[in-house]
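Residue numbers (numbering that gives the first Met the number 0), protein chains in the order written: chain U, 0 to 339; chain V, 0 to 339; chain E, 0 to 339; chain F, 0 to 339.
There are 4 protein chains.
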Amino acid sequence: MIIILSPAATDNDLDELLTNLKDRGYGVHLSKGVEKTIVGVIGAHDDVKPMIAEQLSSLAYIERVVPILKPYKVVGREFHPDKSIITVRGVDIGGQKVVVMAGPCSIETEEQTLEVAKAVKAAGASILRGGAFKPSTSPYSFHGLGEDGLKMMAAAREVTGLPIITEVMDARDIELVSRYADILQVGTRNMANYSLLQEIGACRKPVMLKRGMASTIEEWLQAAEYIANKGNYNIILCERGIRTFETYTRNTFDVSAIPALLGLTHLPIVADPSHGTGKFSLVSPVAKAAVAAGCDGLMIEVHPHPEKALKDGPQSLTPDHFAAMMQEIAAVARAVGRYV
Amino acid sequence: MIIILSPAATDNDLDELLTNLKDRGYGVHLSKGVEKTIVGVIGAHDDVKPMIAEQLSSLAYIERVVPILKPYKVVGREFHPDKSIITVRGVDIGGQKVVVMAGPCSIETEEQTLEVAKAVKAAGASILRGGAFKPSTSPYSFHGLGEDGLKMMAAAREVTGLPIITEVMDARDIELVSRYADILQVGTRNMANYSLLQEIGACRKPVMLKRGMASTIEEWLQAAEYIANKGNYNIILCERGIRTFETYTRNTFDVSAIPALLGLTHLPIVADPSHGTGKFSLVSPVAKAAVAAGCDGLMIEVHPHPEKALKDGPQSLTPDHFAAMMQEIAAVARAVGRYV
Amino acid sequence: MIIILSPAATDNDLDELLTNLKDRGYGVHLSKGVEKTIVGVIGAHDDVKPMIAEQLSSLAYIERVVPILKPYKVVGREFHPDKSIITVRGVDIGGQKVVVMAGPCSIETEEQTLEVAKAVKAAGASILRGGAFKPSTSPYSFHGLGEDGLKMMAAAREVTGLPIITEVMDARDIELVSRYADILQVGTRNMANYSLLQEIGACRKPVMLKRGMASTIEEWLQAAEYIANKGNYNIILCERGIRTFETYTRNTFDVSAIPALLGLTHLPIVADPSHGTGKFSLVSPVAKAAVAAGCDGLMIEVHPHPEKALKDGPQSLTPDHFAAMMQEIAAVARAVGRYV
Amino acid sequence: MIIILSPAATDNDLDELLTNLKDRGYGVHLSKGVEKTIVGVIGAHDDVKPMIAEQLSSLAYIERVVPILKPYKVVGREFHPDKSIITVRGVDIGGQKVVVMAGPCSIETEEQTLEVAKAVKAAGASILRGGAFKPSTSPYSFHGLGEDGLKMMAAAREVTGLPIITEVMDARDIELVSRYADILQVGTRNMANYSLLQEIGACRKPVMLKRGMASTIEEWLQAAEYIANKGNYNIILCERGIRTFETYTRNTFDVSAIPALLGLTHLPIVADPSHGTGKFSLVSPVAKAAVAAGCDGLMIEVHPHPEKALKDGPQSLTPDHFAAMMQEIAAVARAVGRYV
């Protein structure tokens, strides 16, 4: 890290700082400019550098501390230059194929689940998504069927062969959800639920980590690092839009995050245009955009009767619309050297 | 709610909608303008209206659904016109006194805790704050002492008589933390952790709910409704800044939220200028601003040696600075008819 | 518009409101619910409705006023259901062809301009972009060559046949810039410079209106309405990213705005991934995303030596990179039924 | 500035960089760490450093360029450690007195103007505000009376002795507006209208520069630098809220910006809680907050009949409310060692 001293810093302040750093075992590199004095800090103990940077920032004679190293390691591309591929029941996520995960926002009945599962499989989806435990802004909304929902998804897997992905919201449910699900999903509201992340890190189940709606790319990678740090490297990232001042869409889908992440991390990147836009009419164009930008997969909400869906109907496609979208996605995927 | 039809809606679409609504037991109020047709929906079943609003929004012939009722009830001022006062070991929060909660970001040692507790009490604080379970963006940061930290806080309470407030991050820790704490704190990252909110709702311990850094005032009140809905009405709200494009401060402290909430809810409002600004030099002026705007309490980070704090040193005041700030706060409180 | 009364409104308040509205010549539609009283306002004088909505919002007994009509007309798709095509020296913008506008951020020398113009034409660009009048956050930055720059662009048009687009920042320069440019550009900082918009509306020159970095889609269309309202319908919109909390990219490119606008307006939509991302490595993937999402054109910064550019080097492509990108864009355009 | 090399940078890259910098006349300071190589750039030519930083950022072997110096000078507190006081017809802005500027959003009639002027003077205001040239999001809104409005303001000054402040939106109007106004106001939409700023810089009239709704504090100070750089140092800054995701208030009033600016610049800071909140019920509490935080003045919209105002009625106070607010403001001002 680099320490920039305040113009008011005295020689005593500087001496105190240098002693402080040397006592901690760091090498220092001093540069006295005409207007600013700068101290470079070199050496071991990288793990505690963020803490020391914070501590030093509280000194009145220090203007700014600039970190040099990235605040994540294991998930970084510098640590693991090759792209990671996560394999789930034979489906490779992170390879040439753009993997489509589709299904209803909430699991409602066995019939609905099976109907959608068959329809999305026929249209080319590789993984079945569905919510059994549902976060909702209002306590009066539908919160999912719980284990009954998981059983319905497992039954649909039995019939269609599609692996299943579903959200886990509470560390106490990890064991239960893991018994049914092939991929655990961490939702946007829980991206910074570190208890949950650490426990998922301790199991070895593949996990898809959605971006927090107010999280920077760097914070998102640090959340992934929480999981990796406990030993679970089977992490998939999912861009689902961030919160901005624009209210026409439910969120602002950050398409640039896809190529940015491809440079920063080796983890696969999935895009969720359903939550990213909140409007069914925008799902297909934004899905195509995400594929063109290089995403490794898509997560799409499909409901046989969106106008009767217990949740997120406005952003759900009908099976027919989904099938049409898959044709268009396939064409875009081919244009960028991928396939669906 | 009010439904605005798309200009492309046909008479058949309208008939279908009216039948749909009548079948659900609603009265309707039809208004055909020159350019737009509008349907007012009247009647019972308010709880499911948000779901129906979502479902209808998924119909292509509907342009927009405008909700009329607020999405929260029990925490709303219309439900309970008088201000709520939460009493904790004899300290009234929500009354004439501006209640100051102060202490270190993280509990580090028994000495540090007791030293700070005595100092903030001497300066006029009414409640001791401190973190035993700490959320951190980085997995490599300090995460708190856990139960040992709680014991140190309880020991400081023993000596000083100050009630204690501390964060609970995981539903599994509620029972443990409740054994020591007088007020549970839900942090900004967990404002939308609905499992946690519901379990806190099921206990009767007073709780301080911090605003999610990307949450609107309305969503925040809905999060409070999750707790109240389970029967726990001892809720205090805490404004701690929201995430915006401005990077000079760690967050943007939303001072307008204080008077806005005083109109919308009967719950007491506390302000946290330490997290709201992230810079010790801004804590005192923003604390004064919050008191002038009408807040019922303040939460302030105090550390005997900010430059050695294990967390959040840059926003911590020394005990001396805190004592000076308390003098200034007292003057502003008097100017708005309150006292510290 | 629809007026929702406060729960505290009395019968006298309601009578006063109804009289007020009838005096202004409006019909009213009264709906008294159990919890809320709602007044629908029907009739002529749409132009002054926004002002009346504001006035009524200032009455304590009114909770909220909900506008029903969109705040723009002439630029709306309801007004003109067919897509508009703007033709500039034989180049159709808004048709099947994805029109690529490319060139340096700033015009620096005649050689640089001609070199880039030839290179981008050879790679398939249809229009030459370049800045002669440059806005800069810092007063100490380069501000462009002014008329000399315009002459260099005109000379490059002479040689290559490419029409030229360049920014006008000041109403006093419209006449001068119009003498050289084929399309006037209004930059993000001037989207709400209404003097400038109105004077551009009064001339008939085609204009490309960039989105204000903090503007909603609705405000952007209202800015376009300022131009159209004065009689100039030759308007092209350009999405160039909005300001959010994410700092990894210079702006957050709002890809969803492209299909959203295709539904809301008949005007052509161009995407600027250079400003939208601020990083040359992200330009090509985001350009492909924009084409996949349905944009009618692209605006790309190209500089022979980005590391020597007087402005915006970090987001500029070299001519070689641009040529490679054009190949990729062409493939994506074909995949969505367009061509470059 | 400090240059951090990419891990992929070769020794040749480093040599090229060092040569490049030396050729430009800079000294360099090389620090090769285990993981990162860092180059400090020392020496003259500060003005072009931002441009060079941009140019270097476009090189693939450079990871990041960190500027050390602030991007503004003349308006910075380091340049002029004493607070600046701007005197307008005997009223000192930036001294011990909190200067209140009050009046209608738009000047509508001579009677309205005079009525408000007398009322705000009686209540303790020192300066009369009012809009003759009005920016509006919609082309169909009221745009002000122009010179007639200026004459009405001047007439009210004649009677009351209050100096007047009014907005100028177009460089062509500076001469006209300056003939009547004592302080020119640059509105939020024009904060980055550099033509306007430069021309105002060339005259010597005091100017109040409102913060752009999407501008960081640093960009705002750079906008002020545009004016100062042309020789006009009579600059007052006005915080009026920024655009965020929160929609309950019209803008998010950034109260922390007030003490932040007091540290960064010597210019006086005024707060505008009317635009900052957009709701009359929040104006008084936020005004008190701003005074408690240290602002040097307030700008408040007052209208005799907000429900008939041609613009911004919902955020206007009646003269009675204004008089009551002034009492409260006076008490808070005294509490922080100021007076009204």
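Even glycine gets a Cβ: it sits at the ideal position worked out from N, Cα and C.
Close to Lys35/F, with beta-carbon spacing below 8 Å, lies no residue of chain E; the smallest spacing is near 19 Å. With a threshold of 16 other beta carbon atoms within 10 Å, Pro284/F meets it and is buried. In this structure, the CA atom of Asn189/F is about 54 Å from the CA atom of Val87/U. Three or more Cβ pairs closer than 8 Å define a contact, and the segment 217-237 of chain F falls short of that threshold against the segment 228-241 of chain V. Under the three-state reduction of DSSP, Val167/E is assigned to coil, being neither helix nor strand. For Arg203/F, same chain residues with a beta-carbon under 8 Å away, outside a window of 5 residues either side, are Gly230, Asn231, Asn233 in chain order.
Looking at the DSSP output, Glu218/V shares a beta bridge with no other residue. Interface criterion met: the Cβ of Gly39/V is under 8 Å from a Cβ in chain E. Secondary structure of Tyr338/E (DSSP, three-state): strand. Approximately 44 Å separates the beta-carbon atoms of Ile3/F and Ile163/U; this is outside 8 Å, ruling out the contact.
Interface residue (Cβ-Cβ distance to chain V less than 8 Å): Thr243/E is classified as such. Considered as a whole, the segment 219-289 of chain U harbours 256-263, 272-276 as its complete alpha helix (DSSP H) runs of no fewer than 4 residues, in chain order. Taking a contact to require three or more Cβ pairs closer than 8 Å, the segment 309-321 of chain V and the segment 315-322 of chain F do not qualify as touching.
His79/V and Val90/F have their C-alpha atoms spaced approximately 47 Å apart. Here Lys21/E is exposed, its C-beta having fewer than 16 other C-beta atoms within 10 Å. Around the CB of Gly26/E, fewer than 16 other CB atoms lie within 10 Å, so the residue is classed as exposed. Residue Asp81/V holds the alpha-carbon nearest to the alpha-carbon of Leu263/V among Asp81/V, Asp147/V, Gly145/V, Ala201/V. In the DSSP assignment, Thr36/V falls within the unbroken beta strand (DSSP E) covering 36-41. Counting only residues of its own chain and dropping the five nearest sequence neighbours on each side, Leu266/E has a CB closer than 7 Å to the CB of Val74, Ser83, Ala223, Ile234, Ile235, Leu236. Residue pairing by DSSP places Leu13/E opposite no residue, since no beta bridge is assigned to it. Secondary structure at Asp147/F: helix, using DSSP grouped into helix, strand and coil.
Note on geometry: alpha-carbon atoms of Met100/V and Thr187/V lie some 17 Å from one another.
The Cβ neighbour count for Glu166/F, taken over all protein chains shown within 10 Å, is at least 16; the residue is labelled buried.
Below the 7 Å Cβ cutoff, chain F contributes no neighbours of Thr264/V, its closest Cβ being approximately 12 Å away. Using a Cβ distance threshold of 8 Å, Ser194/U and Met168/V count as a contacting pair. Look at the segment 55-67 of chain U: the residues with a C-beta under 8 Å from a C-beta of chain F are Val65, Ile67. For Asp172/U, same chain residues with a beta-carbon under 8 Å away, outside a window of 5 residues either side, are Phe132 in chain order. Non-local beta-carbon contacts of Ala259/E in its own chain, meaning distances under 7 Å to residues more than five positions away in sequence, involve Ile216 in chain order. Under the Cβ distance rule, His274/E does not count among the residues neighbouring chain V, no pair being separated by less than 8 Å. Against Leu281/F, the close residues of chain V are Ser255, Pro258, Ala259, in the order they occur along the chain (beta-carbon pairs closer than 7 Å).
Between the alpha carbons of Gly129/F and Leu149/F lies a gap of roughly 9 Å.
Our two residues, Gln95/V and Ala332/V, have alpha carbons roughly 9 Å apart in a direct line. The C-alpha of Ala116/E lies about 16 Å from the C-alpha of Tyr179/E. In the three-state scheme derived from DSSP, where H, G and I count as helix and E and B as strand, Met207/E is classed as strand.
DSSP places Lys31/U within a strand segment (E or B) once states are collapsed to three. Distance from the Cα of Leu55/E is smallest, within the candidate group Asp311/F, Gln197/F, Glu327/F, Tyr338/F, for Asp311/F.
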